[in-house]
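There are 2 protein chains.
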Amino acid sequence: MIIESHAHFTNAPAALDAYRGRQIQNLARPVPGKLTISDEQLSAALDKHIRRMDRLGITATILSPRASGMGHEFGDWRTSSYWAQVNNDLIARAVALHPGRLFGAAQLPQSPGVDPAMCIDELNRTVLELGFVGCLINPDVAGGGQPFTPSIGDPWWYPLYERMVELSVPGLLHASSTVNPALHLNGSHYTNVDSSAFFELLWTDVLNDIPGLNLIVPHGGGGAPFHFNRIRSLLLGAGLPPLETKLERIYFDTAVYDRDSMEMVLRKMGVDNVLYAAEPFGTAKNVDPDTGVPFDETIGFITGVPWLTAEDSEKILSGNARRIYPRLRIET
Amino acid sequence: MIIESHAHFTNAPAALDAYRGRQIQNLARPVPGKLTISDEQLSAALDKHIRRMDRLGITATILSPRASGMGHEFGDWRTSSYWAQVNNDLIARAVALHPGRLFGAAQLPQSPGVDPAMCIDELNRTVLELGFVGCLINPDVAGGGQPFTPSIGDPWWYPLYERMVELSVPGLLHASSTVNPALHLNGSHYTNVDSSAFFELLWTDVLNDIPGLNLIVPHGGGGAPFHFNRIRSLLLGAGLPPLETKLERIYFDTAVYDRDSMEMVLRKMGVDNVLYAAEPFGTAKNVDPDTGVPFDETIGFITGVPWLTAEDSEKILSGNARRIYPRLRIET
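Chains D and Y, in that order, give the protein sequences.
Under our numbering, think of the first position of the first sequence as 675, with each following residue one higher.
Under our numbering, think of the first position of the second sequence as 675, with each following residue one higher.
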């Protein structure tokens, strides 16, 4: 079984962005969204996801709103709240069209400087009413601007984390847009936020303080596997527990697009903590002219690793996802 | 021959930081520094560098001020200017104590929002009067704060770049401190800035616009080798020239501390563009308990790569540095 653990609805019908466009033009007066999207339109937009799943043998996909679109830096909490609601409602409709194949992960109404506890109502709604299995957490709420967001390991986040544990919902640490002109959304910002969030999980006490909290660092952990000994040296120099002991509590996904990088993720981060993901459709949707295959078709990078057992591959492709997403239930 | 292309004077005598402490306490009234450091004190501080060079067979080291200490976000241009001067003067004295073994790379008086052309006087002074061979360029002048620094590929930088070309001086793209509480200086900020600067070199026209400009992305290119196909896909999707053609014009150093990461840098970035560096003494100075050897002793990671020819190793260990640092002249 294969579970795509990290996919975004990047090609939602235009009515979604049209609402957002009007919302941003009237930031001072946010109003709830009412999208006019028919089931036929929605189904047509989802078709490429479903066809890809069929073609690659993917049983289930955890689908979340477009990450760049979350744009938590705009407006206030009401802005983010209404925007999260329309996105999550649309994901819920998508899931309802493909029960057992699509599962929802929530966008949260994060807003710069606003207590993460203010995300709990929407987390409750999406999990308990809409049946979502996970959520996205943006570690850099103002997109590199100010107010700065406290470290992802700071107790500022704990009320949200505690509710996630109660609900048995893991969090995918995923940045949204950036206001810094020296950063490129897909080319540097996302993976930089991965790297910094990962390091904060090592450098702080959060994983001890919140037992049961499951956080996933996407895109292979940013640069973490590549800078493994750099990180080990820093932890040693600070007298902190060795990296290896912390890794048991942190999850990663495989959204990297090189065979050797994939192997590096699996070897260094461990087969028990890595979830298959290729993050369709986005950064890596283009066809590699060297192979004629889209960059994001990486399942063979996992099954082709010679030192992985069949059991290891099964964990990476689905078992680990089923373990840390307990609400994701697949009839077998 | 081995050239350490990236080392910082991280253990300078306390008089240096004492001046800086007083300077920051009186930001409104910056005054030039006059350090009282004897040759004996300076020599004692340099001793560990020289002993390490002798022990590892390193012929020459390009020494620059402590990167975290540059702190360009503090004060105004005068603050950065006086602070760069005392640092560079101290490096010049260090070089004079070990002629032919140490070579200087300059800290520049960058300051948030200030035209990089304002760095040219200090660049001229350090190169033409003090005999320096290179300089550090901080791509994120306000350390993640505001005003944001334009992309390293933005024409804003061109006057400085043009003068670097005239002087035959390359630039090591190296961040300094950060004001963002979610970033860790050595654990994420430096390598994140590497990754974002590298991507900007691909995404902009700077390398075409300034022929002869040589920029070095340290720490193995941040996360670039690990995210190679992610980057390739983005360039393809944008209709930009393929990554491989851009790589011919960008340099990297080997300041990574894993054998497999080192091989990944060399394989993907190419043996003609990578300069040996272990960045003593800093992040990786600690001893790896698994090997009993400091993390930053990585020369064997290069000489041990089976597919490298002797000529390749020579390029990486010294030839490439001698080529792009033409002012670094070693008697042989």
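Just so it is clear, CB atoms sit at the ideal spot from N, CA and C, and this is done for glycine as well.
The alpha carbon of residue 794(Y) has as its nearest neighbour, out of 854(Y), 841(Y), 987(Y), the alpha carbon of 841(Y). Following the DSSP letters along the chain, one finds residue 905(Y) inside the alpha helix (DSSP H) bounded by residues 902 to 911. Cβ proximity to chain Y below 7 Å picks out 930, 931, 932, 934, 935, 938 from the segment 916 to 942 of chain D. Taking every protein chain shown into account, the CB of residue 966(D) has fewer than 16 other CB atoms within 10 angstroms, so this residue is exposed. Out of 684(D), 906(D), 979(D), the CA that lies nearest to the CA of residue 963(Y) is found in 906(D). Membership of residue 925(D) in the beta strand (DSSP E) is indicated by the continuous run 925 to 927. For the pair residue 743(Y) and residue 797(Y), the Cα-to-Cα distance works out to about 18 Å. Of all alpha-carbon atoms in 960(Y), 826(Y), 778(Y), 870(Y), the one lying nearest the alpha-carbon of residue 894(Y) is that of 870(Y). Chain Y has no Cβ within less than 8 Å of the Cβ of residue 811(D). In this structure, DSSP gives residue 962(Y) an extended state, which the three-state scheme calls strand.
Residues of the same chain with a CB within less than 6 Å of the CB of residue 813(D), apart from the 5 flanking positions on each side, are 826, 847, 867, 871 in chain order. Secondary structure note for residue 839(Y): its alpha helix (DSSP H) is the uninterrupted segment 832 to 841. Taken through DSSP and simplified to helix, strand or coil, residue 739(Y) comes out as strand. Taking C-beta atoms as the reference points, residue 779(D) and residue 807(D) count as a pair closer than 8 Å.
Close CB contacts of residue 706(D) within its chain, under the 8 Å cut and outside five residues either way in sequence, are with 756, 759, 760 (chain order).
Taking the beta carbon of residue 874(D) as reference, the chain Y residues within 9 Å of it are 856, 857, 858, 861, 862, listed in sequence order. Taking a contact to require three or more Cβ pairs closer than 8 Å, the segment 727 to 738 of chain D and the segment 677 to 692 of chain D qualify as touching.
As for any alpha helix (DSSP H) of minimum length 4 sitting wholly inside the segment 762 to 836 of chain Y, the runs are 794 to 798, ordered along the chain. The segment 978 to 996 of chain Y makes no contact with the segment 923 to 942 of chain D, as fewer than three CB pairs between them are under 8 Å. For residue 951(D), the closest of 902(D), 972(D), 708(D) by C-alpha to C-alpha distance is 972(D).
Around residue 826(D), the beta-carbon contacts reaching into chain Y at under 8 Å are 856. Considering only beta carbons, the part of the segment 891 to 915 of chain Y lying closer than 8 Å to chain D consists of 893, 894, 896, 897, 899, 900, 901, 902, 903, 904, 905, 906, 907, 908, 910, 911, in chain order. Take the alpha-carbon of residue 897(Y) and the one of residue 837(Y): they are about 29 Å apart. Excluding residues up to 5 positions away in sequence, 689, 690, 693, 760, 764 lie with their Cβ nearer than 7 Å to the Cβ of residue 709(D) in the same chain. The beta carbons of residue 777(Y) and residue 698(Y) sit about 29 Å from each other, so the pair does not count as a contact at 8 Å.
Taking the C-beta atoms as reference points, residue 1004(Y) is found nearer than 8 Å to residue 774(Y). In summary, residue 696(Y) is exposed, with fewer than 16 beta-carbon neighbours lying within 10 Å of its beta-carbon over all protein chains present. Residues of the segment 968 to 981 of chain D with a C-beta atom less than 7 Å from some C-beta of chain Y are 969, listed in chain order. With at least 16 other beta carbons inside 10 angstroms of its own, residue 785(Y) counts as buried. Going by C-alpha positions, residue 885(D) is about 43 Å away from residue 875(Y). Listed as beta-bridge partners of residue 968(Y) by DSSP are 961(Y). The secondary-structure analysis by DSSP pairs residue 682(Y) across a beta bridge with 738(Y). Between residue 860(D) and residue 957(D), the CB-CB gap stays under 8 Å. In the DSSP assignment, residue 724(Y) falls within the unbroken alpha helix (DSSP H) covering 713 to 730. Distances from the alpha-carbon of residue 948(Y) to those of 891(Y), 914(Y), 910(Y), 1001(Y) put 891(Y) closest.
The beta-carbon distance between residue 887(D) and residue 945(D), rounded to whole angstroms, is 21 Å. This is too long to meet the 8 Å contact definition.
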